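Asker: Below you will find the structure I want to go over with you.
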Amino acid sequence: MNLVYAAALAALMGCGLYMLLSRQVVRIILGIALISAAVNFVIFFAGRIGASVPPLIIEGETALGPDTANPLPQALVLTAIVIGFSLVAFAAALALKTYRETGTLDTRELGDAEALGSPYTKEASSK
Amino acid sequence: MIDFIIEHAVVWPVAVPITAAALAAMFWLRQDIQRLVSMVGLVLMLGASLLLLVTVMQDGVQARQFGSWAAPFGISFAADLLSAAMVMITGVLAVAVGVFGLADIRKREEHSGFHPLFLGMLTSVNGAFLTGDIFNLYVWFEIMLITAMGLLVLGKTRAQLDGTLKYAVLNLFSTLLFLLAVAILYGATGSLNMADLSRILATTEPSAALTLSAALFLAGFGIKAGYFPLFFWLPASYHTASITISAIFAGLLTKVGVYACFRVFTLMFEIEGSGLREAMVVIAAGTMLFGVFGAAVQWDVRRILSFHIVSQIGYMLLGLAIATPLAIAGAVFYIVHHIIVKANLFLVAGAIYRATGTYDLRKSGGLMRTNPLLAALFLIPAISLAGLPPLSGFWAKFLVIDASFQGGENWLAAVALFVGVLTLYSMSKIWIEAFWKAPPGVRQTARPVPVLMLLPIAALGAITVTIGLSPEPFIQYAQAAAETLVNPEAYIVAVLGESAGPGVEIAFDPATASPIIIEESVQ
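One line per chain: the protein sequences are E and A, in this order.
Per my numbering, the very first residue in the first sequence carries number 39; after that it's consecutive.
Per my numbering, the very first residue in the second sequence carries number 8; after that it's consecutive.
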């Protein structure tokens, strides 16, 4: 079963990396989101799956029972999802703003940063 | 009250700027109040850093646990000599750049939230320096990333949007690699506390998971720090930002990546005998060489300086790769020297722009005659960066190169010396083009540079000269810091408490990957 999970994660990560290599900014951002999801799964599986008893301490006890799920990866994944979401949202907003300013999201045509102070142009523009 | 403040010295360098950031954000529409809050916050942060430095130097490693969770379970903050030095230098630089910003940052950029973002970024930088928890370090990295992207795109020009996109994609990818490394490490060891990890990893058999995790840490931090061959985002984005922002980025952000490398590869993973050293040596040489060659072709001051950030990072990694106490001490000294000098050079670039109206060296000139004070102030960091005696850069390079000869890596020392010569080439290019030569075309009179710009440049220059003329206390401090990095027992004991020696009361359950408390300690 672990092998199946590993293969699924590898597929997810591979898709993400493939998208990351695209020339379209929107695809790149989707790729980041996919890789982010894959990494979150890795955290989740790093906590081992199998035990499905909720990690609650029964009244009167001082420690968790023997077969409880590991609560820490869930907390980590939750944090990572929130952070990943906000960063992807920022990147999407940035892409939208770039599109409105330049009219393209093809990285081949996005050369404004490179053109700023380029050593190869006689007249370096300082926009 | 005083006791309370001193007892929690490790918390204030983060608590002060985050409070100031929140206050500044509350006064969103009142830029004058924001400016006041920002300056007061920066000065208080400097005070907090000084307090932490003094406390750490007197009482050794400081550690605090949040929420009263015992050490390996909750989030710890810990400051050893390296962390304290980094926080101190952050405080100094933040005040200097903040003052410079008063003269440089435009109203429009203040309207877009410069002050809250700037303070938020400083919060995350200090947080990254002080945290003792690897997942918490990831969280600080992400806060740093999002505030840095906000600052980078503050002017909303097309070049900034494009530069920020490149910055965003590669840095997001790097933090994901870092998070993946954390996940794999957690799966293999069951702990996230760095001191606890150090103890666990010392007794763990090497495995594929640990090697993979170490490689991912190196790659993740490597993108952040601008290591060869992963540095391309840096010269593609730094020059687009407003010069105040470029200065603080150049000083601090890549160094957070370098710091994280130092923390992880001294405290947790062994460099010797794991194949990491061979990789790091190549990366260090590549970083130095490609950075300096990249700079040689440029004509824009900001781009020259951006490429030099990369090449200088190589020297720091060189120290870590050799990994003798001497080399690490040299690298620590190098980091402190570099943060001051590099940020200062960006500030000088801002002043050059103010005086001549261009960053392009081909179009500027004549500053030597019109602005001799600025010329003198440029020479200090420039000569220091190139490593000429008697300034701080000479001692920094001397320590690192001496350590690489003693570590038996003669060819690396040769590369480092060669790169030093090329650095001198770039610096003299700026000197000749902007200051010495007659201005091209119709003679324009240079505009005056405001005192608020010259003051921080002079202050940082004074620090450079001080380090250069009396390096002894700084070298001693760096050696003590390297000693605690190489032998992290003091750090581990400070975080986990005396009881957490070899007689462990917390064990690792391989079936659930969660730490379990052995019965005796519960009773």
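Just so it is clear, CB atoms sit at the ideal spot from N, CA and C, and this is done for glycine as well.
Keep in mind that this is a model prediction, so the values were computed, not measured.
1. Looking only at DSSP bridge pairs, what is A:Thr97 linked to?
2. With a threshold of 8 Å between beta carbons, is E:Phe123 in contact with chain A?
3. Please report how far the alpha carbon of A:Gln486 lies from the alpha carbon of A:Val428, in whole angstroms.
4. When the Cα of A:Ala531 is compared with those of A:Met460, A:Leu36, A:Ala202 and A:Leu461, which residue comes out closest?
5. Considering Cα atoms alone, identify which of A:Ala248, A:Gly127 and A:His122 is closest to A:Ala22.
6. Decide if the stretch 220 to 238 of chain A is in contact with the stretch 176 to 188 of chain A; the criterion is three or more beta carbon pairs, one per stretch, under 8 Å apart.
7. By alpha-carbon positions, which one of A:Ile25, A:Gln38, A:Val94 and A:Phe80 ends up nearest to A:Gly54?
8. Quick check: is the beta carbon of A:Ser214 nearer than 8 Å to any beta carbon in chain E?
9. Apart from the five residues on each side of it in sequence, which residues of its chain come closer than 7 Å, Cβ to Cβ, to A:Val511?
10. Along chain E, in chain order, which residues have C-beta atoms closer than 9 Å to that of A:Tyr4?
11. Taking the alpha-carbon of E:Arg146 as reference, which of E:Val42, E:Ala44, E:Leu59 and E:Met51 has the nearest alpha-carbon?
12. Which bits of chain A does E:Thr117 rub up against, with CB to CB less than 9 Å?
13. Quick check: A:Met460 and A:Phe107, are their CB atoms within less than 8 Å of each other?
14. Which residue wins for smallest C-alpha separation from A:Met295, given the options A:Ala393, A:Leu158 and A:Val422?
15. Who are the near neighbours of A:Gly298 in its chain, counting only those whose CB is closer than 6 Å to its CB and skipping five residues on each side?
16. Going along chain A in order, which residues have a C-beta closer than 8 Å to the C-beta of E:Ser90?
17. For A:Gly468, which of A:Gln72, A:Gly400, A:Ile40 and A:Leu419 has the nearest alpha-carbon?
18. Under a Cβ-count criterion, where at least 16 other Cβ atoms within 10 Å of its own Cβ denotes burial, should E:Asp105 be classed as buried or exposed?
19. Within 8 Å (strictly less), CB to CB, does E:Glu97 reach chain A?
20. For the stretch 230 to 251 of chain A, enumerate the residues whose C-beta is nearer than 8 Å to any C-beta of chain E, in chain order.
21. Is the stretch 429 to 447 of chain A touching the stretch 388 to 402 of chain A in the sense that three or more CB pairs, one from each, lie closer than 8 Å?
22. Taking the Cβ atom as the reference point for each residue, do A:Tyr193 and E:Ala84 lie within a distance shorter than 8 Å?
23. Cβ of A:Pro478 versus every heavy atom of the ligand SAH: is any distance shorter than 7 Å?
24. Taking the straight line between their C-alpha atoms, what separation do you get for A:Gly326 and A:Val308?
25. Return helix, strand or coil for A:Thr138, following the three-state DSSP convention.
26. With distances taken Cα to Cα, identify the nearest neighbour of A:Met64 among A:Ala91, A:Val47, A:Ala85 and A:Leu49.
27. Run through the DSSP bridge pairs and tell me what A:Ser83 is partnered with.
28. For E:Leu58, return the contacting residues in chain A, with the cut-off set at a CB-CB distance below 8 Å.
29. Whose C-beta lies closer than 7 Å to the C-beta of A:Ser131 among residues of the same chain, with five residues either side of it excluded?
30. In whole angstroms, give me the CA-to-CA distance for A:Gly508 and A:Ala70.
31. For the stretch 149 to 169 of chain A, enumerate the residues whose C-beta is nearer than 9 Å to any C-beta of chain E, in chain order.
32. Compute the Euclidean distance between the alpha carbons of A:Leu217 and E:Ala46, then round it to the nearest angstrom.
33. Out of A:Pro123, A:Thr211 and A:Phe80, point me to the one whose CA is closest to A:Ala28's CA.
34. Which ranges does the alpha helix (DSSP H) cover as unbroken runs of at least 4 residues, wholly within the stretch 328 to 389 of chain A, from first to last along the chain?
35. Under the rule that 16 or more other beta-carbon atoms within 10 Å means buried, what is A:Asn494, buried or exposed?
36. My output table needs one value for A:Asp10: the three-state DSSP class, helix, strand or coil.
Answerer: So, from the data block:
1. DSSP, once it has assigned bridges, lists no residue as partnering A:Thr97.
2. no
3. 27 Å
4. Because chain A is modelled from 8 through 530, residue 531 of chain A falls outside the range shown and cannot be assessed.
5. A:Gly127
6. yes
7. A:Val94
8. no
9. Low per-residue confidence applies at A:Val511: pLDDT is 43, beneath 50, and the placement is therefore not dependable enough to give any value.
10. With chain A running from 8 to 530 in the structure shown, residue 4 of chain A is simply not present.
11. E:Leu59
12. Phe142, Tyr145 and Val146
13. yes
14. A:Val422
15. Phe314, Val317 and Ser318
16. By Cβ distance, chain A contributes nothing, its closest Cβ being about 12 Å from E:Ser90, past 8 Å.
17. A:Gly400
18. exposed
19. no
20. Ala243, Ser244, His246 and Thr247
21. yes
22. yes
23. Among the components modelled here there is no ligand, and therefore nothing to report on the ligand SAH.
24. 28 Å
25. strand
26. A:Ala91
27. A:Gln72
28. Val176 and Phe180
29. Trp147, Ile150, Met151 and Thr154
30. Note that A:Gly508 has pLDDT 45, beneath the 50 cutoff, so the model's placement of it is unreliable and the number below is only indicative. Taking the straight line from one Cα to the other gives about 16 Å.
31. Glu149, Ile150, Leu152, Ile153, Met156, Gly157, Val160, Lys163, Thr164, Arg165, Ala166, Gln167, Leu168 and Asp169
32. 22 Å
33. A:Pro123
34. 332 to 363 and 374 to 377
35. exposed
36. helix
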